[in-house]
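**Student:**
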Amino acid sequence: MDKQKVKPITIKINGEEKPIQHQMDKPGDPHDSVNKEQTYAEEHAAALEAEDENFEWILPEQEPVESEEFIIKEAANTAAIYPKQTKSSNKKRFGPLKPIVFSIVFAVLVGLTYGAVMLKLVLTDKPVVTAGKPIDTEQPTGGNGEKTSPAKKAATEPVMLLPVTAFAVQEGVYSGKDAALVVKNELEAKGIPSAILDMDDKKMLLVGLAGSIESAKEIGAILKEKGIDFYAKEITLSERKAGKASTTEKGFLDKAPGIYDALSTAAAAAYSGKNVSSIADTGSILEAIDASKFSNDKIIALYNELSKAAGSLDNFEKKHESADAHSAQQHLLNFLEKYQAF
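Under the UniProt record's numbering, the first residue of the sequence shown carries the number 1, and numbering increases by one thereafter.
1) When you compare only the Cα positions, how much space is there between residue 180 and residue 172?
2) Near residue 216, what residues of its chain come up, given a Cβ to Cβ distance below 8 Å and the 5 sequence neighbours on each side ignored?
3) Which partner residues does residue 241 have in the DSSP bridge list?
4) How would you call residue 236, buried or exposed, if buried means at least 16 neighbouring beta carbons within 10 angstroms?
5) Would you tell me roughly how many angstroms separate the C-alpha atoms of residue 343 and residue 247, rounded to the nearest one?
6) Which residues does DSSP list as the beta-bridge partners of residue 204?
7) The alpha helix (DSSP H) with residue 258 in it runs from where to where?
8) Compute the Euclidean distance between the alpha carbons of residue 160 and residue 206, then round it to the nearest angstrom.
9) Could you please give me the residues that DSSP links to residue 231 through a beta bridge?
10) How close, in whole Å, do the beta carbons of residue 287 and residue 335 come, if the pair is a contact with beta carbons under 8 Å?
11) Here's the rule: buried if 16 or more other CB atoms are within 10 angstroms of the residue's CB, otherwise exposed. What is residue 265?
12) State the beta-bridge partners of residue 210 as determined by DSSP.
13) Residue 260: which of 337, 118, 178 sits nearest, CA to CA?
14) If you draw a straight line from the alpha carbon of residue 343 to that of residue 310, how long is it in whole angstroms?
15) Grab the span of the alpha helix (DSSP H) containing residue 191 for me, first residue to last.
16) How would you write the range of the alpha helix (DSSP H) that residue 331 sits in, first residue to last?
17) Per DSSP, what are the beta-bridge partners of residue 236 in this structure?
18) Rounded to a whole number of angstroms, what is the C-alpha to C-alpha distance between residue 323 and residue 187?
19) Suppose the cutoff is 6 Å on Cβ atoms and the five residues either side in sequence are ignored; what does the same chain contact list for residue 257 look like?
20) Assuming residue 192 contacts residue 219 under a Cβ cut-off of 8 Å, what Cβ separation, rounded to an integer in Å, is found between them?
21) Do residue 196 and residue 190 come within 8 Å of each other at the CB atom, strictly closer than that value?
22) Looking at residue 303: is its Cβ nearer than 8 Å to the Cβ of residue 342?
23) If you count every other CB in all the chains shown that lies within 10 Å of the CB of residue 282, and 16 or more means buried, which is it?
24) Using DSSP with H/G/I as helix, E/B as strand and the rest coil, what is residue 182?
25) Just to confirm, is the Cβ distance from residue 301 to residue 313 under 8 Å?
26) Looking at residue 255 and residue 157, is the spacing between their C-beta atoms short of 8 Å?
27) On the CB-based measure, 16 or more other CB atoms within 10 Å of its CB, does residue 104 come out buried or exposed?
28) Where does the unbroken alpha helix (DSSP H) through residue 287 begin, and where does it stop?
29) Need the endpoints of the alpha helix (DSSP H) that residue 309 sits in, please.
30) Rounded to a whole number of angstroms, what is the C-alpha to C-alpha distance between residue 137 and residue 298?
31) Using the rule of at least 16 other Cβ atoms within 10 Å of the residue's Cβ for burial, across every protein chain shown, is residue 333 buried or exposed?
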């Protein structure tokens with residue numbers, strides 16, 4: 001086999017290349033030990049020579065990096081982990097708005113104060129109006145003596161309607177009001193007074209009133225000559241509650257049955273063509289009642305019917321006209337009808 005070619009070893013020292021030839025000894029060469037020692041001595045000398053020579057290592061300069069200091073503090077609670085807005089930032093944010101808000105509030109307060117002062121001055125300058133006596137609107141509407149409701153109602157108290165006894169001339173009894181109205185209209189067309197009153201579940205048509213049964217029969221006889229059948233009877237409107245009324249109204253209701261009795265007796269005489277007893281006392285009783293203080297429309301209506309009946313009888317006493325006698329009968333029949341419906 002051919003000997004392997006030994007490549008020299010080159011060392012570069014101070015920019016100069018120094019080759020070192022490595023010799024391989026043959027095995028069994030007697031000079032091996034000598035050569036080995038010589039080789040070792042040369043290598044040792046080369047090492048010493050290398051130590052004497054200067055090696056320069058040139059490295060790039062790097063700027064020292066300053067390490068950042070991190071301080072970790074233990075959070076007192078979980079809320080401390082999240083950032084919070086400082087008071088200084090809030091002040092900077094809302095600082096410009098405060099003067100504007102204060103200016104607006106101050107302007108409003110000044111305006112309200114000024115307005116209150118001016119309003120007080122205006123109200124003080126107005127004259128004080130004192131309450132005067134209320135004016136009654138209840139005045140007669142004419143010669144018939146009708147009254148209207150006053151503007152202000154007086155104090156009221158519970159009242160009762162006293163019973164009224166009447167001696168009536170009955171034309172007939174009808175099952176319904178419509179049927180009774182048909183006959184009533186026919187009688188009024190003939191100039192005969194009439195009124196419809198309740199009798200149990202039926203309607204009773206009356207055509208005359210008197211102070212007694214005998215007087216009622218006399219009136220019935222006159223009507224029979226006109227083709228009207230009749231039945232003389234006594235009827236009573238029972239006592240019952242009338243709600244509340246003023247002291248003046250209560251006084252009238254207490255006197256109403258007696259006034260009716262006196263007027264019905266005089267009206268029966270006038271209808272029969274007899275002399276009418278003086279009703280001056282009855283008229284005086286009605287005039288003594290201050291109906292201008294009435295406020296209950298139903299009580300006013302009762303008063304007006306009795307007052308009109310008294311006026312018709314007063315006219316009959318002076319003129320002796322049958323129309324006044326018929327008028328007195330009609331107003332008394334209306335009084336009974338309204339008294340029952342009260």
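The beta carbon of each residue, even a glycine, is placed where N, CA and C say it ideally should be. Remember, predicted model here, so these are calculated numbers, not experimental data.
**Tutor:** On the basis of the supplied data:
1) Counted from its first residue, the sequence shown places residue 180 at position 180. Counted from its first residue, the sequence shown places residue 172 at position 172. Looking at the two C-alpha atoms, the distance is approximately 9 Å.
2) For the purposes of this step, residue 216 is identified with residue 216 of the sequence shown, where counting begins at 1. For residue 216, where only same-chain residues beyond five positions count, the Cβ hits under 8 Å are 167, 168, 169, 208, 209, 210, 232, 233, 268.
3) Here residue 241 refers to the residue found at position 241 when the sequence shown is read from its first residue. According to DSSP, which records beta bridges pairwise, residue 241 is partnered with 160.
4) Indexing the sequence shown from 1 puts residue 236 at position 236. That one is exposed.
5) Because the chain is modelled from 1 through 342, residue 343 falls outside the range shown and cannot be assessed.
6) Position 204 of the sequence shown holds residue 204. The secondary-structure analysis by DSSP pairs residue 204 across a beta bridge with 173, 197.
7) Here the question's residue 258 lines up with position 258 in the sequence shown. Run containing residue 258: 247 to 271, per the alpha helix (DSSP H) assignment.
8) Taking the first residue of the sequence shown as position 1, residue 160 is located at position 160. Taking the first residue of the sequence shown as position 1, residue 206 is located at position 206. Taken atom to atom, the span from the alpha-carbon of residue 160 to that of residue 206 is near 25 Å.
9) Counting from 1 along the sequence shown, the entry for residue 231 is found at position 231. Looking at the DSSP assignment, residue 231 forms a beta bridge with 170.
10) Counting from 1 along the sequence shown, the entry for residue 287 is found at position 287. Counting from 1 along the sequence shown, the entry for residue 335 is found at position 335. Actually they are not in contact, since the Cβ atoms of residue 287 and residue 335 sit about 18 Å apart, beyond 8 Å.
11) What you label residue 265 is simply residue 265 of the sequence shown in a count that begins at 1. By the 10 Å Cβ count, residue 265 comes out buried.
12) Locating residue 210 in the sequence shown gives position 210, counting from the first residue. According to DSSP, residue 210 bridges with 167.
13) For the purposes of this step, residue 260 is identified with residue 260 of the sequence shown, where counting begins at 1. Of the residues 337, 118, 178, the one whose Cα lies closest to the Cα of residue 260 is 337.
14) Because the chain in this structure spans residues 1 to 342, residue 343 falls outside the shown range and cannot be described.
15) Working through the sequence shown from its first residue, we reach residue 191 at position 191. Going by DSSP, residue 191 is part of no alpha helix (DSSP H) at all; its letter is neither H nor E.
16) To locate residue 331, count along the sequence shown from 1; it is residue 331. Where residue 331 is concerned, the enclosing alpha helix (DSSP H) starts and stops at 322 to 341.
17) Against the sequence shown, residue 236 aligns to sequence position 236. Bridge partners of residue 236 according to DSSP: 165.
18) In the sequence shown, the residue the question calls residue 323 occupies position 323. In the sequence shown, the residue the question calls residue 187 occupies position 187. Taking the straight line joining both Cα atoms gives about 15 Å.
19) By 1-based counting over the sequence shown, the position of residue 257 is 257. Excluding sequence neighbours, residue 257 sits near 162, 164.
20) The residue you call residue 192 lines up with position 192 of the sequence shown. The residue you call residue 219 lines up with position 219 of the sequence shown. The beta-carbon distance between residue 192 and residue 219, rounded to whole angstroms, is 11 Å. This is too long to meet the 8 Å contact definition.
21) In the sequence shown, residue 190 corresponds to position 190, counting from 1. In the sequence shown, residue 196 corresponds to position 196, counting from 1. Using a Cβ distance threshold of 8 Å, residue 190 and residue 196 do not count as a contacting pair.
22) In the sequence shown, counting from the first residue as 1, residue 303 sits at position 303. In the sequence shown, counting from the first residue as 1, residue 342 sits at position 342. Cβ distance not < 8 Å, so residue 303 and residue 342 don't count as in contact.
23) Taking the sequence shown and counting its residues from 1, one reaches residue 282 at position 282. Buried.
24) Against the sequence shown, residue 182 aligns to sequence position 182. Of the three classes helix, strand and coil, the one that applies to residue 182 here is helix, per DSSP.
25) In the sequence shown, the residue the question calls residue 301 occupies position 301. In the sequence shown, the residue the question calls residue 313 occupies position 313. Cβ atoms of residue 301 and residue 313: not closer than 8 Å.
26) Your numbering for residue 157 matches position 157 in the sequence shown. Your numbering for residue 255 matches position 255 in the sequence shown. Result no, Cβ atoms of residue 157 and residue 255 do not sit closer than 8 Å.
27) Stepping through the sequence shown from its first residue, residue 104 is reached at position 104. Residue 104 is exposed by the Cβ-count criterion.
28) Position 287 of the sequence shown, counting from 1, holds the residue named residue 287. Element bounds for residue 287: 280 to 288.
29) Taking the first residue of the sequence shown as 1, we reach residue 309 at position 309. For residue 309, the enclosing alpha helix (DSSP H) has its first and last residue at 297 to 319.
30) Working through the sequence shown from its first residue, we reach residue 137 at position 137. Working through the sequence shown from its first residue, we reach residue 298 at position 298. Reliability fails at residue 137, whose pLDDT of 43 lies under 50, so the model's placement of it is uncertain and the value that follows must be treated cautiously. Computed Cα separation, rounded: 17 Å.
31) Within the sequence shown, numbered from 1, the residue matching residue 333 stands at position 333. Residue environment for residue 333: buried (at least 16 other C-beta atoms within 10 angstroms of its C-beta).
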